[in-house]
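Visitor: According to my numbering, the residues represented by the sequence shown are 8 to 233, in order.
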Amino acid sequence: MKPLKSATIAAPGFFGLNTQESGITLNSGFALEATNCIIDKFGRIGSRKGWTKINGTAFTGTPRAIAEYTKSDGTLEVLYTANNKLFRLEDDGTSTELTDADGTAITITDDDWQIIPYNNYAVFVQQGHTMVYYDGSNDNYNEYSSAPGSTTPSCGASCFNRVWVADNHIMYWSKILEPQSFSGTGTGFLDVREIFGEDDTITAITSYNNRLVIFGRRKHCILCRR
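#1: Identify the continuous alpha helix (DSSP H) that holds Arg200 and give its terminal residues.
#2: Does the contact criterion of 3 or more C-beta pairs under 8 Å hold for the stretch 63-74 versus the stretch 119-135?
#3: Please classify Trp120: does DSSP put it in a helix, a strand, or coil?
#4: Specify whether the stretch 83-103 and the stretch 41-58 touch according to this definition: at least 3 beta carbon pairs, one from each stretch, less than 8 Å apart.
#5: Where His176 and Gly63 are concerned, what is the direct C-alpha to C-alpha distance, given to the nearest angstrom?
#6: Give the single residue among Thr116, Lys226, Phe167, Tyr151 whose Cα lies nearest to the Cα of Glu201.
#7: In whole angstroms, what is the alpha-carbon distance linking Ile46 and Tyr215?
#8: From which residue to which residue does the beta strand (DSSP E) around Cys169 run?
#9: Specify the secondary structure class of Met214 as computed by DSSP and reduced to three states.
#10: Report yes if the CB atom of Tyr151 is closer than 9 Å to the CB atom of Phe189, and no otherwise.
#11: So which of Ala41, Gly20, Thr42 has the shortest CA-CA distance to Asn34?
#12: To the nearest angstrom, how far is it from the Cα of Ala164 to the Cα of Gln27?
#13: Under a Cβ-count criterion, where at least 16 other Cβ atoms within 10 Å of its own Cβ denotes burial, should Cys3 be classed as buried or exposed?
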């Protein structure tokens, strides 16, 4: 029997998943299977971290949106929406309801919020609902005094050091590093009909690989920073 030889596989799966070519001739940088994996910020395949249970009591209602929010001091908080309310999950597993800072709560009829954490803020957007933000300083959410052209955007994302929100065919962006400000110098908007070349509606926007991806009902586009 011939002695075994050691082989080094550098960055396995770095080239991504390849199920088209034969595994016999496939470069070792490709993966034939990728189960329970993630794509990290460098575009590489990595192992998914496990889950740790942090509360022992059931939520009130059914959470429809949940996000991890990072404060400027590095403290992590979990924000979620349920029962037509906004909540913060505490370290002891209990939940604290977030209330309107000005004392007059916005009207919430659904829990299909999108939570966009960025630069010590968390922006909440939901179609047909007033856009609000949370800054972690207390148990309140804040309505925008410096709002975009639409105060009820349907989707949003953080990218290029800004927060972007969209309503119908218009996309708005905040000031750099100031997701709480959507008006004045440094803000703006884009009518995607000028890019798509037809009347279309934005259904979602997201950040991917340092690019902003805009999804329309019939067309999509990718914005790159120069």
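All C-beta atoms in this analysis are idealised placements derived from N, C-alpha and C, irrespective of residue type, glycine included. Since this is a predicted model, take the numbers as computed values, not measurements.
Guide: Taking the structure as given:
#1: 200-203
#2: Yes, they touch.
#3: coil
#4: No: fewer than three Cβ pairs fall under 8 Å.
#5: 43 Å
#6: Lys226
#7: 10 Å
#8: Before going on, a small fix: residue 169 reads as Arg here, not Cys. Where Arg169 is concerned, the enclosing beta strand (DSSP E) stretches over 169-174.
#9: The sequence shown places Ser at residue 214, rather than the Met named in the question. Strand at Ser214.
#10: yes
#11: When only C-alpha atoms are compared, the closest one is Gly20.
#12: The alpha-carbon atoms of Ala164 and Gln27 are separated by roughly 34 Å.
#13: Nothing about residue 3 can be read from this structure; the chain reaches only from 8 to 233.
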